Each structure stands twice: as structure tokens, then as C-alpha cells.
Amino acid sequence: MFSDLPLLSLIIWLPIFGGLLVLVNGDDRGLFKSRSLSLVIALATFILSIPLYTQFDSGTHLMQFQELSPWISTFNINYHLGVDGISVPLILLTTFTTVLVVIAGWEVIKFKPSQYMAAFLIMEGLMNGVFASLDSILFYVFWEAMLIPMFIVIGVWGGANRVYATIKFFLYTFLGSVFMLIALIYMYYQADSFAILDFHNLQIGITAQILIFLAFLIAFAVKVPMFPVHTWLPDAHVEAPTGGSVILAAIMLKMGAYGFLRFSLPIVPDASHELDWLMITLSLIAVVYIGFVALAQQDMKKLIAYSSIAHMGFVTLGFFIVYAIYNNTGSYSGAIMGIEGGIVQMISHGLVSGAMFLCVGVMYDRMHSRQIGDYGGVVNTMPIFAAFMVFFAMANAGLPGTSGFVGEFMVILAAFKANFWFAFLAATTLILGAAYTLWMVKRVIFGDVSNDNVAKLTDINNREFLILGVLAVGVLALGIYPAPLLEVMHATVANLVEHIAVSKL
């Protein structure tokens, strides 16, 4: 049914043009029309993305669902799309999360709701474009363009310090991307092409590789974000509306990690080898140090934001211990586990962090406060919500049986093959994650009702139950049976590791 359709173009341009349609036809007086139209477009995009998984051939590493058309022929720039086992799960996560964000803002957003919904739809299409682009300039255009709707979302619907947060977010991410563009132009003159797959086959000297790696590192580390360029994220999360925080945590942070897999490791493997110590060090600092920083937070959103930085440290650790594993064992089988664990962690974090921010949003909509000290005994007035909150908190702490455990466990196992101390430091997240998560849950959810505002709280409605329930099923399913996700990515990851091994190891 879907085999003859240009699926990738549809999931990119349907939400973009759909968002423009919502912007034109929706208005603040016709709220139901703009919201309903947005939900239909988001659902249609999600449905169109499902065949990317169901019809995906997991037995090959080759790009699938490819579309190729000339774009700027003078510079050999093409409209080239395609997906592999790494990008398919991320596109599905994007389309799935957007549906939930639209539903989450259904009753909450009363100020310019059509513009709000349109911004997220347009952002969805641009993010899909990032994951599907096989031409580096097309990738760069989508990469930069998606900053605009997020800038607007935080700047218009954000909190009191939204102007500061938006400018900081934009400057960090935009300036970092300039270095990536310089690297892409340099490689164009080497390959006479902007095709990403052509870059993978380039033979570049070690000095040039290191410079290219550093250029990519600046761009991707900001987006992850890695220590020490992480400071924009807590500010952006605190000021962003709930939907903005969900998309930031669930999707946008994954783009930096995706960039390492699509650009850094396959294009400059020698430089990745030479500088793996730097990546491992920064990753472990994020896991350990940022975990302690999360312990000190009084704002729930800021705590979850720092938690996100720590969890993304696992992702980059899993990606860059490949060389240390080979040096220690003479085999790269553990490297495959590390990269696959990092990808599983990306998907799991998208579900869990998105759910955590939605839970905070549920409480904020009722009490207009994110301060932990303003709550206490929520379980007495919101028992169903409390059950969801505790479940997602346990997943955030890496409880076995939830998705939060699978990726972390795989990365820790792979780290053991590289160096005991890497694994030891990474495993501290099992303690720190439990500490800051349980500390927050204890003070917010359990105990006696702390004040009259908590006493007046009402439990979640059907809309909120639907959103949290769907995410809970996803977190539980991935935690109990991660095989469908691992199978779709295995051939691609194995080929990536083989490519690295041939290049250097």
C-alpha cells in the first residue's frame, strides 16, 4: 500500500505544509478547528512513518526508502533522502512524540493556540528532515531551520525569563553549527560532492581529520548537550512550555548524538580514535558531576533537565568506547553493544524524559509552580497521577523492567570490556539517578498533604491519562522486550563498526 509513496518526503513536508495550513485557517476564535486539524496532521504523519519500520529490511545496512532529485546542480547539491537502522527509530520517536505534544496542549494552551500547534508541526517536519537527509547541505538546512520554531515556542509561550533563555539557546546552537558548515565545505572540495555517503569514503590526513572532528564536536556537543557546553539546556527547559520541554528532551538532544554516528565516527575515524579519551572523559563527567548537580535542584524541571544531560552522557560514552574496547580485547563485538546501548538509551530517554516533563506540566497546570518545596502528599489527592509519576521516576532511575535499564546496562557492560574504571564511574548513575529521582518523588508525591493548594488538586483527566498511559506502555514494552528495536539497528551498527575497524583498528 505504501511501497510506491515517497514516504520520507511525506513525513517531512506534510507537517510543514500542514502547520502552515493551521496557521492560515486556525484562529483564536476557532480553537477546536485549529487543534483538531493539528491532531489530524500529526496522526497522519505518524501513520505514514510506521511503514518505515514495518517494511524496513533489517538484514542490510544499506540506505532504504531513498529519494534523489537535483537541487542546486552547480554545486552538486541534491535533495537526497534515505534511512537506515539508526534513523528509523528516531523518526518514529519524533512523529509519535509530536502527536502527544499536540494532545498535551489541547486544553492548556489558550494564547494563540493555532500558532502554537503550527510551530510544533513545522518543527516535526524539519526534525524528520534532519534524520532522513543524505545530502549534507540539506541536513544543514533542516538542522538550522528547526531552531526557528523552537525559538518561537520558548519566546512566545515561555516563562518570565524566556527572552534570556531563547537568545542563549539560539546563540549556542547556531554558532556551534557554523563550524560544522565550514567542515562540510572543506569536505566538498575533497569529494566534489555534498553527499554524506561520499564523505564516508574520503581519505583524509590525520591533521585535517582532527580539525574536522573538532568542528563537528562543537556543533554536536552543544546539541547533546555535553559538558561544558550544557548550560543553555536547564534555562531553556525551565522557561519553555511543557510541549517545548518534551520536544527538547525527547528529540532535539538526540540530534547531536545522531550527528556523531552519521558524521564523526564514519567520516573521521582516525580522529575519533585519537580523541576518544576526550569524549570518554566528557561523557563520564556528565554522568557523575551532572548527577550531583541534579541533586541540588529545587525546581523539578531543572532537576529533570540536568538528569537528561547525565543520561545523554551514557549515549556518547557508548559511542566512543569502541576504540578502547578493541584495544583492550582485540575484538569489536563489545563495540557493537556499546553503540546499540547508546541508541537504545536515546529512544528510552525520549520516552522517559518526555513523560517526566509532561508529569511536571500536569502539576504546573494546576498549581502554577515547579518548586519541589511547594508540593508534598500529592498521592493523597492525585493517586492515579502519582502512580504514573512514580513509575516514570523509577524508569528514569534505571529500574530493571523499564526502558531506562536496558540502554544503561548495555553501555555499562560494553564499558567493562574497555576499562573497569569506565564502567565503575558510569555505574554511579544507578546510585545518583536513584538519589535525585527518589528525593524528588519523596518530597512531591509522598507524605501528608503539605498545604491547601495540594489539598485542592484534582486527579488527571482522560486526556492526561491517555498521554501518560501510552508513554507508560512504551517504556514498559521497551524495557521488557527491546528486541524489535535492537534488530532494526543491528546491521547498520555492525557495518558502522566494521567501517571504523577497516579505517583504523
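To convert, count from 1 in the sequence shown and add 573; that's our numbering.
In this text, a Cβ means the ideal position worked out from N, Cα and C, and glycines have one as well.
No experiment lies behind these values; they were computed from the predicted model shown.
Cα atoms of L826 and T954: separation of roughly 34 Å, rounded to the nearest angstrom. Counting along the chain, I909 sits inside the alpha helix (DSSP H) bounded by residues S906 to M940.
The C-beta distance from A738 to G731 rounds to 6 Å, short enough to meet the 8 Å contact threshold. Contact between V1014 and V963 holds, since their C-beta atoms are separated by about 6 Å, short of 8 Å. At a Cβ-Cβ threshold of 9 Å, F715 and L694 do not count as neighbours. Non-local C-beta neighbours of Y879 in its own chain, meaning closer than 7 Å and more than five positions away in sequence, comprise P807, I863, V866, A867 and Q870, ordered along the chain. About 6 Å separates the beta carbons of T889 and M799, which is inside the 8 Å limit, making them a contact pair. The residues F958, F961, M962, F965 and L1041, in chain order, have a CB closer than 8 Å to that of C932 in the same chain once the five nearest residues on each side in sequence are set aside. Less than 9 Å separates the beta-carbon of E812 from that of I727. Nearest in C-alpha terms to L744, of all of H803, N1035 and G934, is H803. If the five residues before and after G1020 are omitted, its C-beta is found closer than 6 Å to the C-beta atoms of G949 and G950, all from its own chain and listed in chain order.
With respect to P973, D1032 sits apart: the two C-beta atoms are not nearer than 9 Å.
For the set Y1054, V860, D947 and D843, the Cα lying nearest the Cα of L784 is the one of D843.
Beta bridge pairing from DSSP links Q944 with D872.
Annotation: A809 to T1065 spans about 33 Å, alpha carbon to alpha carbon. Shortest Cα-Cα distance from L621 to any of T633, T667, S642 and I645 involves T667.
Q639 carries a strand assignment under DSSP once its states are collapsed to helix, strand and coil. Bridge pairing for N651: P643 [DSSP]. Burial state of K796 is buried, judged by a 10 Å Cβ sphere holding 16 or more other Cβ atoms.
In the DSSP secondary-structure assignment, S706 is bridged to L654. Between A897 and V925, the CB-CB gap reaches or exceeds 9 Å.
A813 sits in coil when the DSSP states are folded into three classes, being neither helix nor strand. As computed with DSSP, A768 is found in a beta bridge with D708. Relative to the Cα of L790, the nearest Cα in the group Q637, I676, S856 and A768 belongs to S856. With respect to A970, G980 sits apart: the two C-beta atoms are not nearer than 9 Å. The alpha carbon of S837 has as its nearest neighbour, out of H1072, P624, L1044 and A677, the alpha carbon of H1072.
Taken through DSSP and simplified to helix, strand or coil, F893 comes out as helix.
The C-beta of W850 has fewer than 16 other C-beta atoms within 10 Å across all chains shown, which makes the residue exposed. Distance from the CA of L775 to the CA of I676, rounded to the nearest whole angstrom, comes to 45 Å.
Separation of the CB atoms of F619 and F669 is rounded to 6 Å, and the pair is thereby assigned contact status at 8 Å.
Burial of W805 is indicated by the presence of at least 16 other C-beta atoms within 10 angstroms of its C-beta. Taking one beta carbon from each stretch, the region 702–714 and the region 634–653 have 3 or more pairs nearer than 8 Å; the two touch.
9 Å or more divides the Cβ of G927 from the Cβ of L596.
Secondary structure in the region 670–756: the alpha helix (DSSP H) runs of 4 residues or longer, each lying completely within the stretch, are 686–705, 709–718 and 720–730 in chain order. Secondary structure within the region 967–1000: the alpha helix (DSSP H) runs of 4 or more consecutive residues, fully enclosed, are 976–991 (chain order).
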